[in-house]
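Q:
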Amino acid sequence: MDLNFNPDKQHTLGAEVSISGTGLHTGISVDMTLKPANPGFGLQFQRVDLPGHPIIKADCDLVTDTSRGTTIEDNGARVSTVEHVLAALVGMGIDNCLIEINGPETPIMDGSSQPFVEMIEEVGVLEQDATKIWYSIDENIHHYDEQKRVEMVAMPSVGYQITTLIDFNSPVLGTQHAGLKHMRDFKQEIAPCRTFCFLHELETLLAHNLIKGGDINNAIVVVDKPVTEEEMARLAKVFKRDKMEVKSEGYLNNLELRYLNEPARHKLLDIVGDLALIGYPIKARIIANRPGHSTNVEFAKKIKQYIKKNKHVKDIPIYDPTMPAVYTTQQIEKTLPHRYPFLLVDKIIELTDKRIIGIKNVTFNEPFFTGHFPGNPVMPGVLQIEALAQTGGILAINALGGGSYDTYFIKIDNCKFKQKVVPGDTMILKMELAAPIRRGICEMKGTVYVGNKVATEADLVAQLVKRS
1218 MDLNFNPDKQ HTLGAEVSIS GTGLHTGISV DMTLKPANPG FGLQFQRVDL
1268 PGHPIIKADC DLVTDTSRGT TIEDNGARVS TVEHVLAALV GMGIDNCLIE
1318 INGPETPIMD GSSQPFVEMI EEVGVLEQDA TKIWYSIDEN IHHYDEQKRV
1368 EMVAMPSVGY QITTLIDFNS PVLGTQHAGL KHMRDFKQEI APCRTFCFLH
1418 ELETLLAHNL IKGGDINNAI VVVDKPVTEE EMARLAKVFK RDKMEVKSEG
1468 YLNNLELRYL NEPARHKLLD IVGDLALIGY PIKARIIANR PGHSTNVEFA
1518 KKIKQYIKKN KHVKDIPIYD PTMPAVYTTQ QIEKTLPHRY PFLLVDKIIE
1568 LTDKRIIGIK NVTFNEPFFT GHFPGNPVMP GVLQIEALAQ TGGILAINAL
1618 GGGSYDTYFI KIDNCKFKQK VVPGDTMILK MELAAPIRRG ICEMKGTVYV
1668 GNKVATEADL VAQLVKRS
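Numbering-wise, my numbering comes out as the position in the sequence shown, counting from 1, plus 1217.
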């Protein structure tokens, strides 16, 4: 991400790009191609080696295995070890990408995200003409696994930040932590960090016929116990080496770390990849103590459920009565022909070329309350729509520039009344252009909010007619 990168726009690849390698656990050689995708497509895998070329969305609800990596499965197809390529895509700001693969597991390469970052850099990142909707975490979300002694929390933040802490009670690793304050630092600080395991885990994996594609160059192997010459000879044979050795540093074959805390940084890398499975870009500060794939995915599910539950409040306008109005009532009357008692907009607090926010303070003195549900006053739904229409009229007239116009609403679709509007309520009236104005026809989406709840919504179409 360079200084010109706009985080509020969606991005895809500049062109398709391919890489080939071996799956860590299956040992199967695969070809993987990253392809550009349209706005809103998200991140999806496609098994091009299977009949019908089934697609699997990168979604935490589709995870079926987290034993030695993250596996997703859908439509009769599965892809394993998805976290490293997903981390690279998120780290490079890619929102939309089709990942074609002709095997059941992504290539492990060197055990980091760096080869995939280099792929993306090769073709470049393309900004798309679509807004990126960020979802904020407004309260702490906790996940705790007592058995694994894992604790994770997502806290409110203006950006996306991650801190990881690891402690495996290992004299070699000790206690480590790593942090990522800005995603633009992912390429340099996190992407090169390789996966790691302990020697006793390696022996178990070999015994279960796993890591068929494992090589001493695609993982850090931590040796924190004495190893006999016979064991070293057996490992040399497995990895097709003349000799294996361990010096005082405690890493198999005397591997040199890329960072002193490379294991902790790789755990952070895994979190970036696994939390991509939330399916929504988030703004939160993540703190993870002793994380792993299974807890990452469970945490992702919690965050996804929170977003789905609170998604309707994502774009609620904030009304501060102390802020000066963009249009006062007097200015509104210069634009619209309506007057009391049928002027249903008190002021405009926001106005752009595509969106307008109006305010209507509902009082008991409104003339319609005299006869509408006497004793239980409720604002008529049709008048809520009229208030939206008047607000939208100002947006449409303003979009045309100079001249005097009247707006005549000619169509209302998808109208829903979700809760009552009563005396004392403040209606926040939001109207957004759904398409550019053409030949005087204006299509808008309208929403009435009371507090943080949607009261009414509808799609409206108006015709603008120049006053003679």
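Each residue gets a CB set at the ideal place from its N, CA and C atoms; glycine is no exception.
Keep in mind that this is a model prediction, so the values were computed, not measured.
Of the residues 1365, 1671, 1247, which one's Cα is nearest the Cα of residue 1634?
A: For this step, residue 1634 is matched to residue 417 along the sequence shown. Nearest option by C-alpha distance: 1671.
Q: Using a Cβ-Cβ cutoff of less than 7 Å, which residues in the same chain neighbour residue 1381 once the five nearest sequence positions on both sides are dropped?
A: Locating residue 1381 in the sequence shown gives position 164, where the first residue counts as 1. 1394, 1395, 1481, 1484, 1485, 1488, 1505, 1508, listed in sequence order.
Q: If you measure between the beta carbons of residue 1264 and residue 1294, is that distance less than 8 Å?
A: Counting from 1 along the sequence shown, the entry for residue 1264 is found at position 47. Counting from 1 along the sequence shown, the entry for residue 1294 is found at position 77. Taking 8 Å as the Cβ cut-off, residue 1264 and residue 1294 qualify as a contacting pair.
Q: Count the C-beta pairs between the region 1244-1260 and the region 1308-1319 that are closer than 8 Å, then say yes if the count reaches three, no if not.
A: Short answer: they touch.
Q: For residue 1292, which of 1229, 1275, 1460, 1308 has the nearest alpha-carbon?
A: Residue mapping note: residue 1292 aligns to position 75 of the sequence shown, counting from 1. Measuring from the Cα of residue 1292, the nearest candidate turns out to be 1275.
Q: Quick one: Cα of residue 1683 to Cα of residue 1623, how far?
A: Here residue 1683 refers to the residue found at position 466 when the sequence shown is read from its first residue. Here residue 1623 refers to the residue found at position 406 when the sequence shown is read from its first residue. Their backbone Cα atoms lie some 6 Å apart in a straight line.
Q: Going by alpha carbons, who is nearest to residue 1538 out of 1577, 1558, 1501, 1373?
A: Walking along the sequence shown from the start, residue 1538 turns up at place 321. Checked all of 1577, 1558, 1501, 1373; the closest Cα to residue 1538 is 1577.
Q: For residue 1300, count the other beta carbons within 10 Å of its own beta carbon; 16 or more makes it buried, fewer makes it exposed. Which is it?
A: The residue you call residue 1300 lines up with position 83 of the sequence shown. Result: buried.
Q: Between the region 1359-1368 and the region 1328-1340, do at least 3 Cβ pairs fall closer than 8 Å?
A: Result no; under three Cβ-Cβ pairs closer than 8 Å.
Q: Going residue by residue through the region 1471-1527, where are the continuous alpha helix (DSSP H) segments of at least 4 residues, counting only ones entirely within it?
A: DSSP runs (the alpha helix (DSSP H)) wholly in the region 1471-1527: 1479-1492, 1510-1527.
Q: Hey, how far is the Cα of residue 1330 from the Cα of residue 1302?
A: On the sequence shown, residue 1330 is found 113 positions in, with the first residue counted as 1. On the sequence shown, residue 1302 is found 85 positions in, with the first residue counted as 1. Rounded to whole angstroms, residue 1330 to residue 1302 spans 6 Å at the Cα level.
Q: Residue 1537 bridges to which residues according to DSSP?
A: Counting from 1 along the sequence shown, the entry for residue 1537 is found at position 320. Partner(s): none; residue 1537 has no beta bridge.
Q: In angstroms, rounded to a whole number, what distance separates the CA positions of residue 1235 and residue 1227?
A: Within the sequence shown, residue 1235 is the residue found at index 18, counting from 1. Within the sequence shown, residue 1227 is the residue found at index 10, counting from 1. Rounded to whole angstroms, residue 1235 to residue 1227 spans 22 Å at the Cα level.
Q: Can you tell me which residues form a DSSP beta bridge with residue 1629?
A: Working through the sequence shown from its first residue, we reach residue 1629 at position 412. According to DSSP, which records beta bridges pairwise, residue 1629 is partnered with 1677.
Q: On the three-state DSSP scale, how would you describe residue 1575?
A: Start at 1 with the first residue of the sequence shown, and residue 1575 comes out as number 358. Three-state DSSP puts residue 1575 in a strand.
Q: From residue 1681 to residue 1568, what distance separates their C-alpha atoms?
A: Stepping through the sequence shown from its first residue, residue 1681 is reached at position 464. Stepping through the sequence shown from its first residue, residue 1568 is reached at position 351. Those two C-alpha atoms are separated by around 18 Å.
Q: Could you spell out where the beta strand (DSSP E) holding residue 1663 opens and where it closes?
A: Numbered from 1 along the sequence shown, position 446 holds the residue referred to as residue 1663. Looking at the DSSP string, the run of the beta strand (DSSP E) that includes residue 1663 is 1658-1667.
Q: Would you kindly report the start and end of the unbroken alpha helix (DSSP H) that includes residue 1396?
A: Position 179 of the sequence shown, counting from 1, holds the residue named residue 1396. Run containing residue 1396: none in the alpha helix (DSSP H); it sits in the beta strand (DSSP E), 1392-1397.
Q: What residue does the alpha helix (DSSP H) around residue 1270 start on, and which one ends it?
A: Here residue 1270 corresponds to residue number 53 of the sequence shown, with the count starting at 1. Counting along the chain, residue 1270 falls outside any alpha helix (DSSP H), and DSSP gives it neither H nor E.
Q: For residue 1430, name the three-state secondary structure that DSSP assigns.
A: In the sequence shown, residue 1430 corresponds to position 213, counting from 1. Low per-residue confidence applies at residue 1430: pLDDT is 49, beneath 50, and the placement is therefore not dependable, though the value from the model is reported in the following sentence. DSSP places residue 1430 in coil when its eight states are reduced to three.
Q: For residue 1562 versus residue 1601, is the C-beta distance shorter than 8 Å?
A: Reading the sequence shown from its first residue, position 345 is the one you call residue 1562. Reading the sequence shown from its first residue, position 384 is the one you call residue 1601. No, Cβ-Cβ distance for residue 1562 and residue 1601 is not below 8 Å.
Q: Measure the alpha-carbon distance for residue 1430 versus residue 1467 and round it to whole angstroms.
A: The residue labelled residue 1430 in the question sits at position 213 within the sequence shown. The residue labelled residue 1467 in the question sits at position 250 within the sequence shown. For residue 1430, the predicted structure reports a pLDDT of 49, less than 50, and the residue's modelled location is therefore unreliable. A value from the coordinates is still provided. Using only the alpha carbons, I get a separation of about 23 Å.
Q: Per DSSP, residue 1648 is paired with what?
A: Counted from its first residue, the sequence shown places residue 1648 at position 431. DSSP output for residue 1648 lists 1573, 1663 as bridge partner(s).
Q: Going by the beta-carbon positions, is the gap between residue 1675 and residue 1605 smaller than 8 Å?
A: Locating residue 1675 in the sequence shown gives position 458, counting from the first residue. Locating residue 1605 in the sequence shown gives position 388, counting from the first residue. Yes, the pair counts as a contact, with Cβ atoms nearer than the cut-off.
Q: Could you tell me the alpha carbon to alpha carbon distance between residue 1404 and residue 1248, rounded to whole angstroms?
A: By 1-based counting over the sequence shown, the position of residue 1404 is 187. By 1-based counting over the sequence shown, the position of residue 1248 is 31. One C-alpha to the other measures close to 23 Å.
Q: Can you tell me the Cβ-Cβ gap for residue 1524 and residue 1542, rounded? I've got them flagged as a contact below 8 Å.
A: Taking the first residue of the sequence shown as 1, we reach residue 1524 at position 307. Taking the first residue of the sequence shown as 1, we reach residue 1542 at position 325. Contact flag wrong, Cβ pair sits at about 33 Å.
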